[in-house]
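Read the structure below first, then the notes.
2 protein chains.
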Amino acid sequence: MLQPLVKSLIAAELRVLEEHGISMWSYVVLSALDDSPIRTQAALAEAIGADKTRIISTLDRLQEAGLISREPDPEDRRARLLAITQDGRSARRAAQADIRANEERVLAALSAADRQAFLRAAQALSAMPHEEIVG
Amino acid sequence: MLQPLVKSLIAAELRVLEEHGISMWSYVVLSALDDSPIRTQAALAEAIGADKTRIISTLDRLQEAGLISREPDPEDRRARLLAITQDGRSARRAAQADIRANEERVLAALSAADRQAFLRAAQALSAMPHEEIVG
DNA sequence: TATTGTTATACTCTATAACTATA
DNA sequence: TATAGTTATAGAGTATAACAATA
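Chains as they are written, first to last, in my numbering: chain A, 496 to 630; chain B, 496 to 630.
This is the structure we're talking about:
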C-alpha cells in the first residue's frame, strides 16, 4: 500500500529537484554534507547507502557547479575532504523547502489528528533497524 | 523518511517470497489473478503497471510450475486466457499470510491508536491520484 | 602491502523495435 | 491492416574488478 504512495512522492520530489536543476543523487549528497563535512568519499558513500564508484560522477558535477568543495586531505593525500559550499547550502535548502511544501500540501488531505499520528508512526517505524523489519 | 521504511518492508517481503520460492513479479501476477481471471497478457501487464514484454518470462515460469493456466482464447486465438490454478492460489495465500504476519509484527511497535491512525492515513494518502501528489 | 579514489567492465532490469500468428 | 504475443536489441542504472596514486 505504501509503495505507490512513496513512488508518487519520489516523482513529486524529482519534479521539484528538476526545477532546481539538481539530481536525486546530488540532493542526497548535498543533504548529507549539509549536516557535516565528511573526510572520505567512501564514508560519504556509506552514509548515503550508495556504492563508492556510483557517486563519483555526482561529485564531479557538484564540484564543477561549485556546490561542494573537494580537496585532498593535506594529512593524507589519498583522501578527499568533502564539504558543502554556501551556494550548495542555499541550493539544498531551497529545494528542501519546496519539497516540504509539497509534502505539506499532500498531508493536508488528512485530519490534524491523523496527520500527527501518521508522522509519529512513520517516524517510529523508520527508526526501527532494517534487520528488525526484515526479521 | 518513508523511503527506507518501504525499502526494508520490500526486503522483508522478498525474503518471505524467497522462502516460498516465488519472485516479486510472480507474486504480483498471482495476486492480480487471484482477484479475477484476465483475458489478455497486455491487460494483465497494464493492471500491474508493467510492460507487456516484461511479464512473459514470469508467466512462463508460473505456467511451468502449474501456478497459472494460460490458454489461447477459443474465440480469438491471438489472446491468452490467464487464470490462477488451485496450486497458485494456495501458494499466493500462504505467501500473503506470511507477509502479513511480518507486517503485523512490525506494526506492533506502535500503540493501538497510532497504528489505527497510521493505517487509516496511509490508506487515504494511497488513494490520492498520482497526479495530485506530484502536483 | 594496504588504502583511497578512479576507470573499465559486466550484469541486471527495463523499454523499444522487429517479428510471428492470428484476425 | 490491425492486434496479441514473442523475441531481439538497446539503454539506464548498478555493482565488480582492475588500476593509479599515496601511505
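C-beta: ideal position from N, C-alpha, C; glycine also.
No experiment lies behind these values; they were computed from the predicted model shown.
| Asked | Found |
| --- | --- |
| Quick one, which of A:Ala506, A:Ala538, A:Gly583 has its alpha-carbon nearest A:Ser521's? | A:Gly583 |
| Using C-beta distances below 8 Å, list every residue in its chain close to A:Gly561, excluding the 5 sequence neighbours before and after it, in chain order. | Thr580, Asp582, Gly583 |
| If we ignore side chains and look at the alpha-carbon of each, how far apart do B:Leu525 and A:Gln498 end up? | 18 Å |
| With a threshold of 16 other CB atoms inside 10 Å of the CB of B:Ala586, please say whether the residue is buried or exposed. | buried |
| With a 10 Å radius around its C-beta and 16 neighbouring C-beta atoms as the bar for buried, classify A:Gln618 as buried or exposed. | exposed |
| Helix, strand or coil for A:Ile505, going by three-state DSSP, please let me know. | helix |
| Could you check what DSSP says for A:Ala604 in three-state terms: helix, strand or coil? | coil |
| Under three-state DSSP, which class holds A:Leu576? | strand |
| Taking the alpha helix (DSSP H) that B:Glu566 belongs to, which residues open and close that run? | Unbroken run through B:Glu566 is the beta strand (DSSP E), 563-568; no alpha helix (DSSP H). |
| Taking 9 Å as the threshold (beta carbon to beta carbon), is A:Ile517 in contact with chain B? | no |
| Of all the residues that make up the segment 584-609 of chain A, which are near chain B by a beta-carbon distance shorter than 9 Å? | Asn597, Arg600, Val601, Leu602, Ala604, Leu605, Ser606, Ala608, Asp609 |
| Residue range of the alpha helix (DSSP H) that B:Ser521 falls in? | 519-530 |
| Can you name, in chain order, every residue of its own chain whose Cβ lies under 7 Å from the Cβ of B:Thr535, other than the five neighbours on each side? | Ala574, Arg575 |
| Within a Cβ cutoff of 8 Å, which residues of the same chain sit near B:Ala527, ignoring the five residues on either side of it in sequence? | Ile533, Leu539, Ala542, Ile543 |
| With a CB to CB cut of under 6 Å and the five nearest residues on each side skipped, what residues in its chain are close to B:Leu602? | Arg610 |
| Could you tell me which residues DSSP puts in a beta bridge with B:Ile533? | B:Leu577 |
| Taking A:Ala515 as part of the alpha helix (DSSP H), name the residues at either end of that continuous run. | Checking the sequence shown, residue 515 of chain A turns out to be His, not Ala. Where A:His515 is concerned, there is no enclosing alpha helix (DSSP H), given that its DSSP letter is neither H nor E. |
| Are the C-beta atoms of B:Gly630 and some chain A residue less than 9 Å apart? | yes |
| In the DSSP assignment, what residue or residues form a beta bridge with B:Asp571? | B:Asp568 |
| Enumerate in chain order the residues of its own chain whose CB-to-CB distance from A:Ala507 is below 6 Å, with the five nearest sequence positions on each side excluded. | Asn597 |
| Which residues in chain A sit within 8 Å of B:Arg615, going by Cβ to Cβ distance? | Asp609 |
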